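Asker:
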Amino acid sequence: MTDVKIKTVEMHTGGEPLRIITDGYPEIKGASILEKRRYVRDHLDHLRHLLMFEPRGHYDMYGALLVEPSHPEADLGVLFLHNEGYSTMCGHAVIALGRYAIDQGIVEAMEPTTTVKIECPCGLVVADVDVKKGKSDAVSFRSVPAFAFLTDQSIDVPGYNTVTFDIGYGGAFYALVSAQQLGLDIHNTPTRDLVDAADAISSVVRASVELAHPESDDLAFLYGTILTDGEDAFTTTPTANICVFADRQVDRSPTGSGVTARIAVQITKNQIEIGQTRQFESVTKSLFDATAEELLSYGPHQAVRVRVKGKANYTGESTFTVEEDDKIGRGFLLK
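Offset between the sequence shown (1-based) and our numbering: plus 12.
Structure follows, in structure tokens:
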């Protein structure tokens, strides 16, 4: 690893970091985006440790690895990295990558809106980037088909008794739970307590619910649990949530794929209508707008296309290296 020199561009969306890996990775093999995802998991995972873990990263670091797209319409392809592995969709990353693609000249900037097509492991995601006086600004993206997988289910969670939950898919699967039934408050309960509850729920749901995706078994896993304020019926007031995914990782943004999943469940439960826009608030008080745009069929599911809008900002650039005798510097996490 001593010849490693990896270059990155650093961004954040609503406080959630994104380390865009632009150069220095070995060749990534695979004819499809899911094959590339398997390849980096099986052959290059030491580089995820290097970039996501300490001392270069931290427990809640998030990464985007740019790859050659396999979809004929895509402008770029991306794999998502976190503390546990490789996710299938990431809305905050798509929002940041929309800006990045224009600013790097991958897609030519056109005012007032430039479209960037990004191949993610879950499918092609189309981002529309606001361009003002030649500068990229806010970004919205149109989701892959999103759907409610289960609604109003109950499980026993140690320490929390019986918990009612939904499961929604927005490019990744999430359990959705109102924090109030756990005796917790999204706004006032310490984050650690919210994380403990969400992690406990994820563990039980993963053990008791078999997920299925219409296109690929690679997508059929529970990514995490989103605790909400329970305000699911439509209102113009923002609804708050916290997403705990992977290995107890906390999303600082409202979670693009997560709010997509929430909208899908709200549509199924007749809590929101096509064309209505809701605001979703994160633990940092950052906001995403999410709109249910159209209904469609997707495998056995009634699905919905959701548009999510937010803003990303640049925080810097990095070049990472490894010295030969630096064993600990190859990546560690303190829990």
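The beta carbon of each residue, even a glycine, is placed where N, CA and C say it ideally should be.
Please read all numbers here as calculations on a predicted model, not as lab measurements.
#1: Determine the direct distance from the alpha carbon of Thr-267 to that of Val-318, and round the result to whole angstroms.
#2: Helix, strand or coil, according to DSSP, for Glu-47 in the structure here?
#3: Roughly how many angstroms lie between the CA atoms of Lys-348 and Leu-223, to the nearest whole one?
#4: Going straight from the alpha carbon of Gly-110 to that of Ala-139, what length do you get?
#5: Taking 8 Å as the cut-off, decide whether the C-beta atoms of Ala-184 and Ser-269 are in contact.
#6: Starting from the C-beta of Asp-115, find all residues in its chain whose C-beta is less than 6 Å away, skip the five residues before and the five after it, and write them out in chain order.
#7: Could you tell me which whole alpha helix (DSSP H) segments of length 4 or greater appear in the region 268 to 321?
#8: Could you have a look at Gln-261 and say whether DSSP puts it in helix, strand or coil?
#9: Quick one: what does DSSP say His-104 is sitting in, helix, strand or coil?
#10: Determine the direct distance from the alpha carbon of Leu-78 to that of Leu-88, and round the result to whole angstroms.
#11: Ala-113 by DSSP, collapsed to three states: which one?
#12: So Arg-60 is in the alpha helix (DSSP H); what residue range does that whole segment cover?
#13: Taking DSSP as the reference, what is the three-state secondary structure of Asp-338?
#14: Could you pull the DSSP bridge partners for Arg-154 from this structure?
#15: DSSP on Arg-31, reduced to helix/strand/coil?
#16: Comparing alpha-carbon positions, which option in Glu-28, Glu-293, Arg-31, Met-73 lies nearest Thr-248?
#17: Identify the residues that DSSP records as bridge partners of Glu-131: which are they?
#18: Buried or exposed for Phe-92, please, with buried defined as at least 16 other CB atoms from any protein chain shown within 10 angstroms of its CB.
#19: Can at least three beta-carbon pairs, one atom from the region 317 to 332 and one from the region 21 to 32, be found at a separation below 8 Å?
#20: Tell me the DSSP bridge mates of Thr-164?
#21: Please go through the same chain and pick out, in chain order, the residues whose beta-carbon is closer than 8 Å to the beta-carbon of Gly-287, but skip the five residues on each side of it.
#22: Answer yes if the region 233 to 243 comes into contact with the region 124 to 144, meaning at least three C-beta pairs across the two stretches below 8 Å, and no otherwise.
#23: Which residues in the same chain as Ile-45 place their Cβ atom closer than 6 Å to its Cβ, once the five residues preceding and following it in sequence are excluded?
#24: With C-beta atoms as the reference, is Ala-121 less than 8 Å away from Pro-170?
#25: Glu-28: buried (16+ other C-beta within 10 angstroms of its C-beta) or exposed?
#26: Determine, using beta carbons only, whether Arg-274 and Gly-135 come nearer to each other than 8 Å.
#27: Between Arg-53, Val-320, Ala-232, which has its C-alpha nearest Arg-218's C-alpha?
#28: Just confirm the distance between the C-beta atoms of Val-106 and Thr-125, as a whole number of angstroms; I'd bet it's less than 8 Å.
#29: Starting from the C-beta of Thr-163, find all residues in its chain whose C-beta is less than 7 Å away, skip the five residues before and the five after it, and write them out in chain order.
#30: Give me, in chain order, the residues of the same chain whose beta-carbon lies closer than 8 Å to that of Leu-56; leave out the 5 immediate sequence neighbours on both sides.
Answerer: So, to answer that:
#1: The sequence position of residue 318 within the sequence shown is 306, counting from 1. The sequence position of residue 267 within the sequence shown is 255, counting from 1. So the alpha carbons of these two residues sit roughly 13 Å apart.
#2: Looking up residue 47 in the sequence shown gives position 35. DSSP places Glu-47 in helix when its eight states are reduced to three.
#3: In the structure displayed, the chain extends from 13 to 347; residue 348 sits before or after that span and is not available.
#4: Here residue 110 is taken as the residue at index 98 of the sequence shown, counted from 1. Here residue 139 is taken as the residue at index 127 of the sequence shown, counted from 1. Rounded to the nearest angstrom, the two C-alpha atoms are 6 Å apart.
#5: Within the sequence shown, the letter at position 172 stands for residue 184. Within the sequence shown, the letter at position 257 stands for residue 269. Yes, these two residues count as a Cβ contact at 8 Å.
#6: Within the sequence shown, residue 115 is the residue found at index 103, counting from 1. Once the five neighbours on either side are set aside, the close Cβ partners of Asp-115 are Ser-148.
#7: 268 to 280
#8: To locate residue 261, count along the sequence shown from 1; it is residue 249. Three-state DSSP puts Gln-261 in a strand.
#9: Position 92 of the sequence shown holds residue 104. His-104: helix per DSSP, three-state reduction.
#10: Residue 88 sits at position 76 when you count from the first residue of the sequence shown. Residue 78 sits at position 66 when you count from the first residue of the sequence shown. Leu-88 and Leu-78: Cα-Cα distance of roughly 7 Å.
#11: For the purposes of this step, residue 113 is taken as residue 101 along the sequence shown, with counting starting at 1. Note: Ala-113 maps to helix in three-state DSSP.
#12: Here residue 60 refers to the residue found at position 48 of the sequence shown. Segment 57 to 64, the alpha helix (DSSP H) holding Arg-60.
#13: Your numbering for residue 338 matches position 326 in the sequence shown. Asp-338: coil per DSSP, three-state reduction.
#14: In the sequence shown, the residue the question calls residue 154 occupies position 142. Answer is Val-138, Arg-319.
#15: By one-based count along the sequence shown, residue 31 stands at place 19. Strand.
#16: Taking the first residue of the sequence shown as position 1, residue 248 is located at position 236. Per the Cα distances, Glu-293.
#17: Locating residue 131 in the sequence shown gives position 119, counting from the first residue. Partner(s): Gly-89, Leu-136.
#18: Counting from 1 along the sequence shown, the entry for residue 92 is found at position 80. Phe-92 should be labelled buried.
#19: yes
#20: Position 152 of the sequence shown, counting from 1, holds the residue named residue 164. Going by the sequence as given, residue 164 is Asp instead of Thr. For Asp-164, which the question treats as bridged, DSSP gives no partner whatsoever.
#21: The residue given as residue 287 occupies position 275 in the sequence shown. Around Gly-287: Thr-303, Ala-304, Glu-305.
#22: no
#23: Mapped onto the sequence shown, residue 45 falls at position 33. Correct list, in chain order: Ser-82, Gly-89, Glu-131, Pro-133.
#24: Counted from its first residue, the sequence shown places residue 121 at position 109. Counted from its first residue, the sequence shown places residue 170 at position 158. Cβ distance not < 8 Å, so Ala-121 and Pro-170 don't count as in contact.
#25: Here residue 28 refers to the residue found at position 16 when the sequence shown is read from its first residue. Its Cβ being crowded by 16 or more others within 10 Å, Glu-28 is buried.
#26: Stepping through the sequence shown from its first residue, residue 274 is reached at position 262. Stepping through the sequence shown from its first residue, residue 135 is reached at position 123. No, these two residues do not count as a Cβ contact at 8 Å.
#27: Start at 1 with the first residue of the sequence shown, and residue 218 comes out as number 206. That would be Ala-232, whose Cα lies nearest to the Cα of Arg-218.
#28: Here the question's residue 106 lines up with position 94 in the sequence shown. Here the question's residue 125 lines up with position 113 in the sequence shown. With a Cβ gap of about 15 Å, Val-106 and Thr-125 do not count as contacting.
#29: Taking the first residue of the sequence shown as position 1, residue 163 is located at position 151. So the qualifying residues of the chain are Asp-178, Val-277, Thr-280, Lys-281.
#30: If you number the sequence shown from 1, residue 56 lands on position 44. Hits under 8 Å: Tyr-37, Pro-38, Ile-40.
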